[in-house]
Amino acid sequence: MSTALITGITGQDGAYLAALLLEKGYRVVGLARRSASADRVSERLRWLGVLDRVELVDGDLLDLSSLIRIMNDVKPDEVYNLGAQSFVAASWQQPLLTGQATGIGAANVLEAVRLVRPSARFYQASSSEMYGLIQEKVQSERTPFYPRSPYAVAKLYAHWMTVNYRESFGLHASSGILFNHESPLRGIEFVTRKVTDGVARIKLGLASQLQLGNLEATRDWGHARDYVRAMWLMLQQDVADDYVVATGRTTSIRELCRIAFSHAGLNYEDHVVSSQSLMRPAEVDVLLGDPGKAREKLGWEASTGLEDMIAEMVEADLARHRSRQG
Ligand code: NDP
Ligand code: GDP
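Be aware that the sequence shown starts at 1, since it is given in the UniProt record's numbering, and climbs by one per residue.
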């Protein structure tokens, strides 16, 4: 039986990846940091019905000694580094913490792998945010990067460390440049989930308005369930490499609102307010990925369309609020 170690297992992707790997017969071990609210932190794993089947070990990306101990104890065959301060807006409030967790944290995991478990295959959760001020209309593995937030700068460092550890030490280290991916388990602060939660509240009479920032930015949104499959596929290749994972379709926040509100029989124009206070110091206006390499080399394709995903998210948020009411 193969063993996988997942950092960030309590996050959206960690939960979906754990479910996928369990289904494939892996022993799944997750690094979780100490929390006074441990029951709440495991909520996503519980929602997917896998909490009882994963092993959680205590550690932190900022604590190299904990990572070395875990590599020694767990002896993973595959290491997925999904842990990060992952919210762009928060990275302007906590730029140094973001640099530590999102950037140095990845280097710490690479070091622990190199020193203790160099045979393990490594996956780094890189991000389309690294393209930032886009240098090409459609972004591929060959597009130059231009990060536009402390988060994106930290991710770029982690990406290049992954490439360098592969080239310098021969680690089987791959970087997945994933475009935005969402699900009912997406953090409530991200725009898709904020919108679907807002739709549910408005539909149930719990709110009447939804305040957002820039409605004109566009993103290439896919479903997290599809994207964790691409992570796994990357580690099954003989040779480690970097891959863009995207749908190839970009949609504005405004259109996202239209889709989500109309799913609940509402008109977004009656409820959505664009507030200056939610604009970012620097914006990433457009992201649109070319998943051609992942399709050719990994046989990967997005299987869930945006409309279906948003419908699933609205339904899940309606169910959550109804159960709280009832
Ligand atoms: P989440 O924000 O849902 O999850 C982040 C995870 O990182 C949580 O489990 C969190 O733990 C953990 N974490 C944060 N800081 C530390 C730390 N110091 N030590 C250990 N663990 C820590 O992110 P997603 O699941 O959405 O994303 C997974 C990864 O993919 C992230 O690295 C993200 O930046 C990246 N990414 C995501 C994209 C997306 O669209 N979702 C797109 C491209 C890249 P806790 O629960 O304790 O807070
Ligand atoms: P990101 O691409 O990782 O930053 O993912 P987000 O979901 O946080 O943001 C996607 C886009 O939505 C960005 O261009 C934001 O500026 C825009 N946006 C507009 N209003 C909001 C809002 O209220 N919250 C968030 N999170 N994003 C918003």
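Even glycine gets a Cβ: it sits at the ideal position worked out from N, Cα and C.
Over the uninterrupted beta strand (DSSP E) stretch that includes residue i, give me the two end residues.
i           : result
residue 274 : 272–274
residue 261 : Not the beta strand (DSSP E): residue 261 falls in the alpha helix (DSSP H), residues 253–263.
residue 243 : 242–245
residue 211 : 210–212
Express the C-alpha separation of residue j and residue i in angstroms, rounding to a whole number.
i           : j           : result
residue 277 : residue 212 : 9 Å
residue 285 : residue 73  : 44 Å
residue 1   : residue 8   : 22 Å
residue 39  : residue 136 : 44 Å
residue 174 : residue 159 : 9 Å
residue 219 : residue 318 : 24 Å
residue 290 : residue 296 : 12 Å
residue 29  : residue 268 : 42 Å
residue 121 : residue 4   : 9 Å
residue 203 : residue 70  : 46 Å
residue 325 : residue 270 : 24 Å
residue 227 : residue 89  : 23 Å
residue 75  : residue 114 : 12 Å
residue 310 : residue 168 : 43 Å
residue 249 : residue 288 : 6 Å
residue 197 : residue 41  : 19 Å
residue 254 : residue 201 : 19 Å
residue 237 : residue 298 : 8 Å
residue 394 : residue 161 : In the structure as shown, the chain starts at 1 and stops at 326, and residue 394 therefore has no counterpart that could be examined.
Whose C-alpha, out of the options, is nearest the C-alpha of residue i?
i           : options            : result
residue 62  : 76, 238, 111, 115  : 111
residue 23  : 149, 5, 50         : 50
residue 16  : 3, 40, 45          : 45
residue 207 : 185, 214, 194      : 194
residue 179 : 152, 204, 165, 70  : 152
residue 118 : 157, 77, 138       : 77
residue 222 : 166, 233, 300      : 300
residue 242 : 271, 100, 292, 163 : 163
residue 35  : 120, 144, 270, 57  : 57
residue 65  : 37, 224, 105, 18   : 105
residue 294 : 171, 165, 47, 240  : 240
Who are the Cβ neighbours of residue i in its own chain at under 8 Å, not counting the five residues just before and after it?
i           : result
residue 273 : 209, 210, 211, 212
Per DSSP, what are the beta-bridge partners of residue i in this structure?
i           : result
residue 7   : 31, 81
residue 123 : 80, 174
residue 181 : 222
residue 55  : 29
residue 139 : 289
With a threshold of 6 Å on Cβ separation, who are the neighbours of residue i within its own chain once the five nearest residues in sequence on each side are excluded?
i           : result
residue 262 : none
residue 308 : none
residue 33  : 60
residue 189 : 87
Excluding the 5 residues preceding and the 5 following residue i in the sequence, name in chain order all residues of the same chain whose CB lies nearer than 7 Å to its CB.
i           : result
residue 184 : 312, 313, 316
residue 67  : 59, 108, 109, 112
residue 148 : 132, 133, 282, 284
residue 12  : 44, 183, 185, 186, 187, 224
residue 91  : 85, 98, 149, 150, 151
residue 102 : 84, 85, 151, 154, 155, 158
residue 279 : 213, 214
residue 116 : 68, 71, 72
So the alpha helix (DSSP H) residue i belongs to, where does it begin and stop?
i           : result
residue 87  : Neither: residue 87 is in no alpha helix (DSSP H) and is coded neither H nor E.
residue 196 : 191–203
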